[in-house]
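Undergrad:
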Ligand SMILES: Nc1ncnc2c1ncn2[C@@H]1O[C@H](COP(=O)(O)OP(=O)(O)OP(=O)(O)O)[C@@H](O)[C@H]1O
Ligand SMILES: [Mg+2]
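Chains as they are written, first to last, in this note's numbering: chain B, 15 to 375; chain Z, 7 to 269.
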């Protein structure tokens, strides 16, 4: 049967859905709805970046640029009078095209040139946003971006926007998981395992990596558009290197093997940042940003040393060990089934059944 | 019958195929034809250029000079994934299994060139993509069964013993349904009974219509399964003939006396 029907694979998705539905009504959390919207938005960017880092094995240090491109396209185009739902795909198209043009020549080269190129791209986009004052407002910000209104419903409260954003986030989680479990996801894992073998078995390694990069850029743009109509004000410094680094921290913290990792990472980083800022203000009595960067650097180093696969796979392994303890070895894993039955689980059943501890999806 | 086979154009043909590494000519002006339906062995001492030849044929390395024809197509200069889709699959002397996957998943990757679902249909779980994934799984399982690894389908590939990892590479390459299969030392590290099993598999692969190009140091295996043998030495083609002719050729004996393992 289809993989979704398997109860153990449904559990994390059901839990996420339940959490998303009730979170904004929980007593202690109600007052953080605004932050939760931001978590959902940044989780979308982080999932895309996670696909790139975990499955194409490349780091982007400029994902804030794609986020910014989506945000400013939505802002500028909808201010010019077009409907936000028209502005959004224009942003996606623009960002996707730019990502393709940048990535195509870079992925032909081996090694980590993408990190350098995206770093440069981030600086260029940031500078353009700041300098193109007549269009973007520059340092004076782009203000009065219209709120999203669909079929007469205005998404103008934190709660309504929360549900809109998290519906998108959940859709991205699901489609991302589907991708990981698919032929293309397997091909990406194969590239990780042995690039020469993958290529010799018919995997267009360059093309596949480019596609992941474009997808992750487009997700960044989508999130940016969502941000524009939520914040209604865009300021250049939101889209600088600092955010690009934060996004990498989210992915490393949560882990990139599973689509849940970046979501958790986005939550932790977004919610911890104001706390850290406050703490550092009290400690240093002023320049807060510096301490933040130091803490993020520290988190990156500690994760690399102690939990290189991220929190989610680490926790999942721990949970699995607990659950597995009372049962004799072998009863949890899929028993060697006759061919006919194994076929029923589908190619993807094997992904879930991977006993190495890889988190499904 | 024999006359017909000789008249048919070769499945694979190289002309003046050359690969230079710095000052070293690893493959030197090799003219080689491989006839369809045969097991053609390439032998030669260590460093003779056998693996480099495979890397040229499969597109892993571009040739410095020369032509490669596969079926109707010129394939020199093409990328490995393009060559694979034309029907050429290979295994690796230094194993290249995907240790981060299960045994079955390794073989499913072998179906990549024979399937087509893209990112979008995968993300949306379109019925066509799911059907294709299930079909790939079925075919992969049947190839695992062919090499005798079906019981280990769900095990992590890295947990297989060495000899079974070689069989896994064989199953993975077969899953691509090649017309030409390049095997780089498939018997290396195999034990006696495993070698007999391999010889048996090779014969069955040939009788299924797949042409095999075999690099192998185990002369017993080569002489028992090969229809034709080419000897490489210092990148050059030294000799080509039937297994019996090769064993009788004085040049070949000399070339092998220089090598530690002898002929
Ligand atoms: N990528 C490379 N760069 C430089 N030199 C190489 C490279 N690949 C192979 N060589 C050299 O080319 C020569 C032929 O090597 P090759 O691996 O093709 O030999 P082989 O016949 O497969 O040997 P063996 O029986 O040991 O596998 C050797 O001298 C080797 O050192
Ligand atoms: Mg070799």
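By construction, the Cβ of each residue, glycine as well, lies at the ideal position given by its N, Cα and C atoms.
Which class does residue 246 of chain Z belong to by DSSP, given the choice of helix, strand or coil?
TA: Numbered from 1 along the second chain, position 240 holds the residue referred to as residue 246 of chain Z. Reduced to three states, the DSSP call for residue 246 of chain Z is strand.
Undergrad: Any residues whose CB sits closer than 7 Å to a heavy atom of ligand 3? List them in chain order?
TA: Here the bound small molecules are ligand 1 and ligand 2; ligand 3 is not part of this structure.
Undergrad: Identify whether residue 102 of chain Z lies in helix, strand or coil by the three-state DSSP scheme.
TA: The count along the second chain starts at 1 and reaches residue 102 of chain Z at position 96. Correct three-state label for residue 102 of chain Z: coil.
Undergrad: Assuming residue 179 of chain Z and residue 187 of chain Z make a contact with CB atoms under 8 Å, what is their CB distance in whole Å?
TA: To locate residue 179 of chain Z, count along the second chain from 1; it is residue 173. To locate residue 187 of chain Z, count along the second chain from 1; it is residue 181. Correct: roughly 6 Å between the Cβ atoms.
Undergrad: Under 8 Å by Cβ, that's how I've got residue 62 of chain Z and residue 74 of chain Z pegged, so tell me the actual separation to the nearest angstrom.
TA: Against the second chain, residue 62 of chain Z aligns to sequence position 56. Against the second chain, residue 74 of chain Z aligns to sequence position 68. About 7 Å separates the two Cβ atoms, so the contact holds.
Undergrad: With residue 46 of chain Z as the anchor, note down where its beta strand (DSSP E) starts and where it stops.
TA: The residue labelled residue 46 of chain Z in the question sits at position 40 within the second chain. 45-49 is the extent of the beta strand (DSSP E) around residue 46 of chain Z.
Undergrad: Consult DSSP for residue 76 of chain Z and reduce its assignment to one of helix, strand or coil.
TA: In the second chain, the residue the question calls residue 76 of chain Z occupies position 70. Strand at residue 76 of chain Z.
Undergrad: Tell me the DSSP bridge mates of residue 190 of chain Z?
TA: Translated into the one-based positions of the second chain, residue 190 of chain Z becomes position 184. Answer is Z:221, bridged to residue 190 of chain Z.
Undergrad: Hey, would you say the C-beta of residue 27 of chain Z is under 7 Å away from at least one heavy atom of ligand 1?
TA: As a working mapping, residue 27 of chain Z is identified with position 21 in the second chain. Yes; taking the cut-off as 7 Å, the Cβ of residue 27 of chain Z has a heavy atom of ligand 1 nearer than that.
Undergrad: Straight-line CA distance for residue 60 of chain B to residue 261 of chain B?
TA: Within the first chain, numbered from 1, the residue matching residue 60 of chain B stands at position 46. Within the first chain, numbered from 1, the residue matching residue 261 of chain B stands at position 247. Computed Cα separation, rounded: 6 Å.
Undergrad: Considering only their Cβ atoms, is the gap separating residue 97 of chain Z from residue 217 of chain Z smaller than 8 Å?
TA: Reading the second chain from its first residue, position 211 is the one you call residue 217 of chain Z. Reading the second chain from its first residue, position 91 is the one you call residue 97 of chain Z. No, they are not a contact pair.
Undergrad: With a threshold of 8 Å on Cβ separation, who are the neighbours of residue 222 of chain B within its own chain once the five nearest residues in sequence on each side are excluded?
TA: Working through the first chain from its first residue, we reach residue 222 of chain B at position 208. Within the same chain, residue 222 of chain B has close Cβ partners 70, 198, 201, 202, 205.
Undergrad: Hey, how far is the Cα of residue 166 of chain Z from the Cα of residue 241 of chain Z?
TA: Mapped onto the second chain, residue 166 of chain Z falls at position 160. Mapped onto the second chain, residue 241 of chain Z falls at position 235. Going by the C-alpha atoms only, they are around 34 Å apart.
Undergrad: From residue 340 of chain B to residue 334 of chain B, what does the alpha carbon distance come to, in whole angstroms?
TA: By one-based count along the first chain, residue 340 of chain B stands at place 326. By one-based count along the first chain, residue 334 of chain B stands at place 320. Residue placement at residue 340 of chain B cannot be trusted, given a pLDDT of 48 that sits under 50; what the coordinates show is reported in the next sentence. About 11 Å.
Undergrad: CB of residue 53 of chain Z to nearest heavy atom of ligand 1: below 7 Å?
TA: The residue given as residue 53 of chain Z occupies position 47 in the second chain. Yes; taking the cut-off as 7 Å, the Cβ of residue 53 of chain Z has a heavy atom of ligand 1 nearer than that.
Undergrad: May I have the straight-line CA-CA distance separating residue 148 of chain Z from residue 156 of chain Z, to the nearest angstrom?
TA: Mapped onto the second chain, residue 148 of chain Z falls at position 142. Mapped onto the second chain, residue 156 of chain Z falls at position 150. Their backbone Cα atoms lie some 8 Å apart in a straight line.
Undergrad: In the structure shown, what three-state DSSP assignment does residue 80 of chain B receive?
TA: Numbered from 1 along the first chain, position 66 holds the residue referred to as residue 80 of chain B. If DSSP states are grouped into helix, strand and coil, residue 80 of chain B belongs with the helices.
Undergrad: Indicate the three-state DSSP secondary structure (helix, strand or coil) for residue 156 of chain B in the structure shown.
TA: The count along the first chain starts at 1 and reaches residue 156 of chain B at position 142. In the structure shown, residue 156 of chain B sits in a strand (DSSP, three-state: E or B).
Undergrad: Which of the three DSSP states, helix, strand or coil, is assigned to residue 159 of chain Z?
TA: Position 153 of the second chain holds residue 159 of chain Z. Reduced to three states, the DSSP call for residue 159 of chain Z is coil.
Undergrad: Could you tell me if the beta carbon of residue 72 of chain Z falls within a distance shorter than 7 Å of some heavy atom in ligand 1?
TA: Position 66 of the second chain holds residue 72 of chain Z. No, ligand 1 has no heavy atom inside 7 Å of this Cβ.
Undergrad: Identify every run of the beta strand (DSSP E) within the stretch 219-247 of chain B, keeping only runs that are complete inside it and at least 3 residues long; order them along the chain.
TA: Taking only runs of at least 3 residues, no beta strand (DSSP E) segment lies wholly in the stretch 219-247 of chain B.
Undergrad: If we count the other Cβ atoms within 10 Å of its Cβ and call it buried at 16 or more, is residue 318 of chain B buried or exposed?
TA: To locate residue 318 of chain B, count along the first chain from 1; it is residue 304. By the 10 Å Cβ count, residue 318 of chain B comes out exposed.
Undergrad: Quick check on the burial criterion: 16 or more other C-beta atoms within 10 angstroms. Buried or exposed for residue 86 of chain B?
TA: For the purposes of this step, residue 86 of chain B is identified with residue 72 of the first chain, where counting begins at 1. The residue is buried, with at least 16 neighbouring Cβ atoms inside 10 Å.
Undergrad: What is the DSSP secondary structure of residue 20 of chain Z, reduced to helix, strand or coil?
TA: In the second chain, counting from the first residue as 1, residue 20 of chain Z sits at position 14. Here residue 20 of chain Z sits in strand by DSSP.
Undergrad: Quick one: which chain B residues come within Cβ less than 7 Å of residue 123 of chain Z?
TA: Indexing the second chain from 1 puts residue 123 of chain Z at position 117. The contacting residues are 196, 197.
Undergrad: Does any C-beta atom of chain Z lie closer than 8 Å to the C-beta of residue 189 of chain B?
TA: By 1-based counting over the first chain, the position of residue 189 of chain B is 175. Output row for residue 189 of chain B: interface = yes.
Undergrad: Which residues of the stretch 116-134 of chain B have a Cβ closer than 7 Å to any Cβ of chain Z? Give them in chain order.
TA: Against chain Z - using a Cβ distance shorter than 7 Å - the stretch 116-134 of chain B contributes no residues.
Undergrad: Residues bridged to residue 25 of chain Z by DSSP?
TA: Start at 1 with the first residue of the second chain, and residue 25 of chain Z comes out as number 19. Z:33, per the DSSP bridge assignment.
Undergrad: Residue 115 of chain Z CB to nearest chain B CB: under 8 Å?
TA: Your numbering for residue 115 of chain Z matches position 109 in the second chain. Chain B, which has a Cβ nearer than 8 Å to the Cβ of residue 115 of chain Z, makes this yes.
Undergrad: Verify the CB distance criterion: does residue 212 of chain B have a CB-CB separation below 8 Å to chain Z?
TA: As a first step, residue 212 of chain B is located in the first chain; it is residue number 198 there, counting from the start. With 8 Å as the cut-off, residue 212 of chain B counts as an interface residue toward chain Z.
Undergrad: Going straight from the alpha carbon of residue 146 of chain Z to that of residue 72 of chain B, what length do you get?
TA: Numbered from 1 along the second chain, position 140 holds the residue referred to as residue 146 of chain Z. Numbered from 1 along the first chain, position 58 holds the residue referred to as residue 72 of chain B. Computed Cα separation, rounded: 29 Å.
Undergrad: Say whether the stretch 225-245 of chain B touches the stretch 159-179 of chain B, bearing in mind that this needs 3 or more beta-carbon pairs closer than 8 Å, one atom from each stretch.
TA: Touching, yes, given that three or more Cβ pairs across the two stretches are closer than 8 Å.
Undergrad: Taking the alpha carbon of residue 14 of chain Z as the reference point, which residue from Z:78, Z:36, Z:252 has its own alpha carbon closest?
TA: By 1-based counting over the second chain, the position of residue 14 of chain Z is 8. The residue with the shortest Cα to Cα distance from residue 14 of chain Z is Z:78.
Undergrad: Closest to residue 249 of chain B by C-alpha separation, out of B:143, B:279, B:273, would be which residue?
TA: Mapped onto the first chain, residue 249 of chain B falls at position 235. That would be B:143, whose Cα lies nearest to the Cα of residue 249 of chain B.
Undergrad: Mind checking who residue 38 of chain Z pairs with in its DSSP beta bridge?
TA: On the second chain, position 32 is the one that residue 38 of chain Z refers to. DSSP lists Z:20 as partners of residue 38 of chain Z.
Undergrad: Considering residue 58 of chain Z, what are the terminal residues of the alpha helix (DSSP H) in which it resides?
TA: Sequence index remark: in the second chain, residue 58 of chain Z carries index 52 (1-based). 56-63 is the extent of the alpha helix (DSSP H) around residue 58 of chain Z.
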